[in-house]
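In mature numbering (1 follows the signal peptide of the UniProt record, and there is no 0), the protein residues as written are -18 to -1, 1 to 228.
A virtual CB, placed ideally from N, CA and C, is assigned to each residue, including glycine.
As the structure is a computational prediction, the values presented were derived from the model and not from experiment.
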Amino acid sequence: MALVPLVTVLLFAGSCLGSAPPTTSPAASAASTATRTVVVDGITAIYNLGDSLSDTGNLARQGATGGLLRYTTRLPYGVTVGRATGRCSDGYLIIDFLARDLGLPLLNPYLDEGADFAHGVNFAVAGATALNTTALAARGITVPHTNSPLDLRWFKEFMNSTTSSPQEIREKLSKSLVMLGEIGGNDYNYAFLQTWPMDGGYSLGNVTRMIESVATAVDLVPEVVQSIASAAKEVLDMGATRVVNW
Ligand SMILES: *[C@@H]1O[C@H](CO)[C@@H](O)[C@H](O)[C@H]1NC(C)=O
Ligand SMILES: *[C@@H]1O[C@H](CO)[C@@H](O)[C@H](O)[C@H]1NC(C)=O
Ligand SMILES: *[C@@H]1O[C@H](CO)[C@@H](O)[C@H](O)[C@H]1NC(C)=O
């Protein structure tokens, strides 16, 4: 039965409920970096692919948000900045602090049409998985959305539409930081959720099914890692020189 608390911890580790809010705001850290106008390590843009830990507003713009994530589009999410931004936080996220510390503006979500993407784009979507819906369905796991950011569809779409040759993409990426993740936590979350008794009925049969879902999740690990590694390889092949997975 010791597995049950473990499942609980894992379930929320990648979700909104589990993300600890930052204790200082980027506004405060901006004050300390305001004088730093030099480009850090030649990085002039950040391209971020991830889930709720780094979504700065894509899911909110996709609409039709269900489940736990529906709460993130209204207060108290964003309460420390005065409005809900679509971030799964009361304020800012690690990706915001990273941008500030590199002397760059906060990353706009890709779906924010007309936003300034001169210093990067945020392709993260809350609830996103590392594996696509087809791969998860093959393991009996259904997910409430349609694609994984790791298919690089938006990333390539953006690179194509803002450059005129693969060489130009290489140059752009050589001055960039590509954040690949955190992603993959939700693949495990959804595996657990398949067997979660929503009405709180913890019978022996139900608890057994929950424990079995741990095995399903563990089985996913190699495929999740492979999916992140493939995306990393593809991005490096396109010309990225700095790729971070966390
Ligand atoms: C889903 O991912 C698998 C491998 O992980 C890949 O072979 C397949 O083409 C992908 N399907 C779609 C629709 O992207
Ligand atoms: C980007 O452009 C290249 C060549 O111009 C093409 O092969 C590729 O399919 C395009 N990708 C997307 C996502 O539009
Ligand atoms: C087991 O879980 C199902 C699905 O949530 C629920 O409907 C059922 O009442 C639970 N059974 C018991 C005996 O707790």
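Residue of L113, H101 and I151 minimising C-alpha distance to V203: Locating residue 203 in the sequence shown gives position 221, counting from the first residue. Nearest option by C-alpha distance: L113.
Heavy atoms of ligand 3 versus C-beta positions, residues under 7 angstroms: P179, M180, D181, G183, Y184, S185, G187 and N188
heavy atom of ligand 1 below 8 angstroms from L113 C-beta: Within the sequence shown, the letter at position 131 stands for residue 113. Within the cutoff, so yes.
Within 9 angstroms, strictly: CB atoms of L35 and A213: The residue you call residue 35 lines up with position 53 of the sequence shown. The residue you call residue 213 lines up with position 231 of the sequence shown. No, they are not a contact pair.
Inter-residue Cα distance where the pair is G64 and L86: If you number the sequence shown from 1, residue 64 lands on position 82. If you number the sequence shown from 1, residue 86 lands on position 104. Going from the Cα of G64 to the Cα of L86 covers about 22 angstroms.
Pair within 9 angstroms by beta-carbon distance, Y29 and L159: What you label residue 29 is simply residue 47 of the sequence shown in a count that begins at 1. What you label residue 159 is simply residue 177 of the sequence shown in a count that begins at 1. Against a cut-off of 9 angstroms, the Cβ pair of L159 and Y29 comes out as a contact.
Which of helix, strand or coil DSSP assigns to L159: Sequence index remark: in the sequence shown, residue 159 carries index 177 (1-based). Note: L159 maps to strand in three-state DSSP.
Selection from I77, G221, V21 and C70 that minimises the alpha carbon distance to R152: Position 170 of the sequence shown holds residue 152. The shortest Cα separation from R152 among I77, G221, V21 and C70 belongs to G221.
Candidates A110, P179 and P91: closest to H101 by CA position: For the purposes of this step, residue 101 is taken as the residue at position 119 of the sequence shown. Checking every option, the nearest Cα to that of H101 belongs to P91.
Through-space distance from M180 to S195, alpha-carbon basis: Within the sequence shown, the letter at position 213 stands for residue 195. Within the sequence shown, the letter at position 198 stands for residue 180. About 15 angstroms.
Cβ shell of D72 (< 8 angstroms), same chain only, five flanking positions each side left out: Here residue 72 refers to the residue found at position 90 when the sequence shown is read from its first residue. Result list for D72: P3, P58, Y59, G60, V61 and T62, in chain order.
Cα-Cα separation between D98 and N104, rounded to whole angstroms: Looking up residue 98 in the sequence shown gives position 116. Looking up residue 104 in the sequence shown gives position 122. One C-alpha to the other measures close to 11 angstroms.
Residue closest to V207, alpha-carbon to alpha-carbon, out of L88, D169 and L51: Taking the sequence shown and counting its residues from 1, one reaches residue 207 at position 225. Closest option to V207, Cα to Cα, is D169.
Close Cβ partners of A173 (< 7 angstroms) along its chain, the five nearest in sequence each way excluded: Taking the sequence shown and counting its residues from 1, the one referred to as residue 173 is at position 191. Only I123, S195, T198, A199 and L202 meet the Cβ criterion.
Straight-line gap, G24 to I193 (C-alpha atoms, nearest Å): Position 42 of the sequence shown, counted from the start, is the residue given in the question as residue 24. Position 211 of the sequence shown, counted from the start, is the residue given in the question as residue 193. Computed Cα separation, rounded: 48 angstroms.
Length of the line joining the Cα atoms of E95 and R43: For the purposes of this step, residue 95 is taken as residue 113 along the sequence shown, with counting starting at 1. For the purposes of this step, residue 43 is taken as residue 61 along the sequence shown, with counting starting at 1. Distance between the alpha carbons of E95 and R43 is about 10 angstroms.
Beta-carbon proximity check, L134 vs E216, cutoff 9 angstroms: Here residue 134 is taken as the residue at index 152 of the sequence shown, counted from 1. Here residue 216 is taken as the residue at index 234 of the sequence shown, counted from 1. A contact, by the Cβ cut-off of 9 angstroms.
A106 beta carbon less than 9 angstroms from that of residue 246: With the chain covering only -18 through 228, there is no way to say anything about residue 246.
Candidates A81, G187 and G183: closest to M161 by CA position: Mapped onto the sequence shown, residue 161 falls at position 179. Among A81, G187 and G183, the Cα nearest to that of M161 is on A81.
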